[in-house]
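Take 13 as the starting number for the sequence shown in my numbering and just add one per residue.
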Amino acid sequence: MKQKFSYHQTKKFTHLVNDYLSNSDDIHNFYNRYPSLENFSAQWEEKSNHKIDRKTLVEVLNDQNQALTLSPLTKYNINSLLKEDTFSVTTGHQLCLFTGPLYFVYKIISTINLVEELKEKYPENNFVPVFWMASEDHDFYEVNHIHLFGKKIEWNSGQKGAVGRMSLEGVESVLYDLDKLLGAGENANHLSLLFRNAYLNHDNLADASRFLVNALFGKYGLVILDGDDIRLKKQFISIIKKDVLFQGFFETISKCTQDLAKEYKTQAFVRDINFFHLSDGGRKHLEGEVLESEIDSYPENFSPNVLMRPLYQEMLLPNLAYVGGAAEVAYWMQLKTTFEQEQIPFPILVLRSSILWMEQKQVNKWQNLGFDLADLFLDEHQLHQQYVGRHTNLNLTQELTGLKKVFEQILSKTTDKGLQTSVLAEQQKQLNSFEKLEKKLLKSEKKKHEDALNQITQLKAKLFPNNSLQERYDNFIPFYLKHGENFIEILQKELSPLDAKFVILSPQ
Numbered sequence: 013m014k015q016k017f018s019y020h021q022t023k024k025f026t027h028l029v030n031d032y033l034s035n036s037d038d039i040h041n042f043y044n045r046y047p048s049l050e051n052f053s054a055q056w057e058e059k060s061n062h063k064i065d066r067k068t069l070v071e072v073l074n075d076q077n078q079a080l081t082l083s084p085l086t087k088y089n090i091n092s093l094l095k096e097d098t099f100s101v102t103t104g105h106q107l108c109l110f111t112g113p114l115y116f117v118y119k120i121i122s123t124i125n126l127v128e129e130l131k132e133k134y135p136e137n138n139f140v141p142v143f144w145m146a147s148e149d150h151d152f153y154e155v156n157h158i159h160l161f162g163k164k165i166e167w168n169s170g171q172k173g174a175v176g177r178m179s180l181e182g183v184e185s186v187l188y189d190l191d192k193l194l195g196a197g198e199n200a201n202h203l204s205l206l207f208r209n210a211y212l213n214h215d216n217l218a219d220a221s222r223f224l225v226n227a228l229f230g231k232y233g234l235v236i237l238d239g240d241d242i243r244l245k246k247q248f249i250s251i252i253k254k255d256v257l258f259q260g261f262f263e264t265i266s267k268c269t270q271d272l273a274k275e276y277k278t279q280a281f282v283r284d285i286n287f288f289h290l291s292d293g294g295r296k297h298l299e300g301e302v303l304e305s306e307i308d309s310y311p312e313n314f315s316p317n318v319l320m321r322p323l324y325q326e327m328l329l330p331n332l333a334y335v336g337g338a339a340e341v342a343y344w345m346q347l348k349t350t351f352e353q354e355q356i357p358f359p360i361l362v363l364r365s366s367i368l369w370m371e372q373k374q375v376n377k378w379q380n381l382g383f384d385l386a387d388l389f390l391d392e393h394q395l396h397q398q399y400v401g402r403h404t405n406l407n408l409t410q411e412l413t414g415l416k417k418v419f420e421q422i423l424s425k426t427t428d429k430g431l432q433t434s435v436l437a438e439q440q441k442q443l444n445s446f447e448k449l450e451k452k453l454l455k456s457e458k459k460k461h462e463d464a465l466n467q468i469t470q471l472k473a474k475l476f477p478n479n480s481l482q483e484r485y486d487n488f489i490p491f492y493l494k495h496g497e498n499f500i501e502i503l504q505k506e507l508s509p510l511d512a513k514f515v516i517l518s519p520q
């Protein structure tokens, strides 16, 4: 079963995202081309005029992936990037332990599926799905845990700096805790072995994450790239100098951000300098004077922040589109004029597919309670009110109308201002009493339907943990335990990011 809804209907997405997907005139100035299949031909014509060092790119990819068992399609995709008629579609994410929240998986599947649509529409070219590993990110506490079966599985480490460079010391105890939750069975054993091969047989989190992502998605031709490489950073030296030595982006980004903020909430804070100093001991904001010779000699020590990373990516890749979440779409839009300033083609921004995964028994229970799937987006109080309203005769609208008419008649019988004031005061007193009585009656009716209301509460909590979308909290493991590799195959079959709809999905 698959049912689709507008993002606006879910009440979970920002004004910016809703306007972007509806192609509103208010937001046109902050992106290049709307994400439609037809617009990609103009996008690659523009990108074709932007020089990419394809030879170095392929050399780096082959080196970074040489320890992996690559699928024939991934090998082909890497080598095809040497050709001028091959373009990429990219997504990226932090190196979350065990892949982190579900949307990690959804981003990659969205990218793979968009590539397949492009291949079908434009067979004269080749298109490659790329996963950009955010290995230089230093927010360890955003990547060190997952939520699983009501528990938080967490890796504790005192390490600092770029997470991709962190050793995997201490992960073995996390795997032990995870195994206890996985239980027995073929799918559980497969995941346990996969995670152990990833996190116990590699030296750092970047290598472990590369292995895991390739194991899950390699058969679809996914190419994995780590920007933490001196050969790639050398290509970025001119941008590093412009930002670090001259603060050459602050004014442009600030102006675009201010214009965007007139109508929408902006995502990323704009700084004078948008690079960190990267070393094995940490990733810190640049302080003090930086010499031009240091940038020339050690570009690998300069790490782009959230607003420079998009420029870095687009300088390196023959990229047509970036597939991201709502927050990513928002901060990319802060950079539209910066891309124009640097004469780098601004990619098509594609909102990743967003899914609520329901098991069939959950669908059945929800419908047996008398609700449509669209009602899932109502809050718990509204759902309780609806349920009680459908299962009781407690509707005092007629009585309330009658009470108001009584006081209207009394008011019509006098012109004395003082008496009218007294009548109105008494009316308000009676209305307040009526409201209290109605609440007591409703509370009494709720008690009669306590079991059903508890079912509503429990289902909402399960499907919207912490009152957020499932994909922002839950990990893929429970779904993989139940469905095995079919879980990913179902997603690959059912999702189309250009469709721009929120999907409720339930396997048969």
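Idealized CB from N, CA, C, for every residue including glycine.
8 Å CB neighbourhood of residue i in its chain, flanking five on each side removed
i	result
residue 505	none
residue 53	134
Spatially closest choice to residue i from the options, by CA coordinates
i	options	result
residue 356	106, 326 and 243	326
residue 316	497, 102, 165 and 251	251
residue 180	169, 173 and 190	169
residue 258	292, 227, 281 and 303	303
residue 167	154, 182 and 177	182
residue 528	385, 387, 388 and 446	Any question about residue 528 goes unanswered here, given that the chain covers just 13 to 520.
residue 388	272, 91 and 474	474
residue 125	234, 340 and 306	234
residue 190	178, 206 and 176	206
residue 70	53, 92 and 79	92
residue 151	272, 177, 418 and 417	177
residue 381	57, 267, 104 and 400	400
residue 337	15, 26 and 220	26
residue 372	95, 518 and 231	518
residue 220	49, 109, 248 and 255	109
Residue burial classification, residue i (beta-carbon count within 10 angstroms, cutoff 16)
i	result
residue 295	buried
residue 86	buried
residue 346	buried
residue 226	buried
residue 320	buried
residue 212	exposed
residue 533	No statement about residue 533 is possible, as the shown extent of the chain runs from 13 to 520 and does not include it.
residue 530	Residue coverage of the chain in this structure runs from 13 to 520, which leaves residue 530 outside it and unanswerable.
residue 245	buried
residue 148	buried
residue 418	exposed
residue 161	exposed
Collapsed DSSP secondary structure at residue i in the structure displayed
i	result
residue 283	coil
residue 259	coil
residue 238	strand
residue 345	helix
residue 357	coil
residue 383	coil
residue 476	coil
residue 85	helix
residue 44	coil
residue 336	strand
residue 460	helix
residue 35	coil
residue 510	helix
residue 122	helix
residue 362	strand
residue 169	coil
residue 293	coil
Alpha helix (DSSP H) segment containing residue i, residue limits
i	result
residue 243	242–246
residue 210	198–212
residue 74	66–76
residue 48	Element bounds for residue 48: n/a, residue is neither H nor E.
residue 226	217–229
residue 152	152–155
residue 399	392–402
residue 62	Premise fails: residue 62 is in no alpha helix (DSSP H) and is neither H nor E.
residue 166	First-last for residue 166: 163–166, but that is the beta strand (DSSP E), not the alpha helix (DSSP H).
N- and C-terminal bounds of the beta strand (DSSP E) containing residue i
i	result
residue 104	98–105
residue 15	14–17
residue 485	Premise fails: residue 485 is in no beta strand (DSSP E) and is neither H nor E.
residue 314	314–316
residue 141	138–145
residue 516	514–517
residue 366	366–369
Contact set for residue i: own chain, Cβ-Cβ below 7 Å, skip 5 residues either direction
i	result
residue 485	113, 159, 477 and 478
residue 483	113, 114, 115, 118, 366 and 367
residue 165	157, 158, 186, 189 and 190
Own chain partners of residue i with C-beta closer than 6 Å, once the 5 adjacent residues on each side are dropped
i	result
residue 314	252 and 287
residue 243	68 and 72
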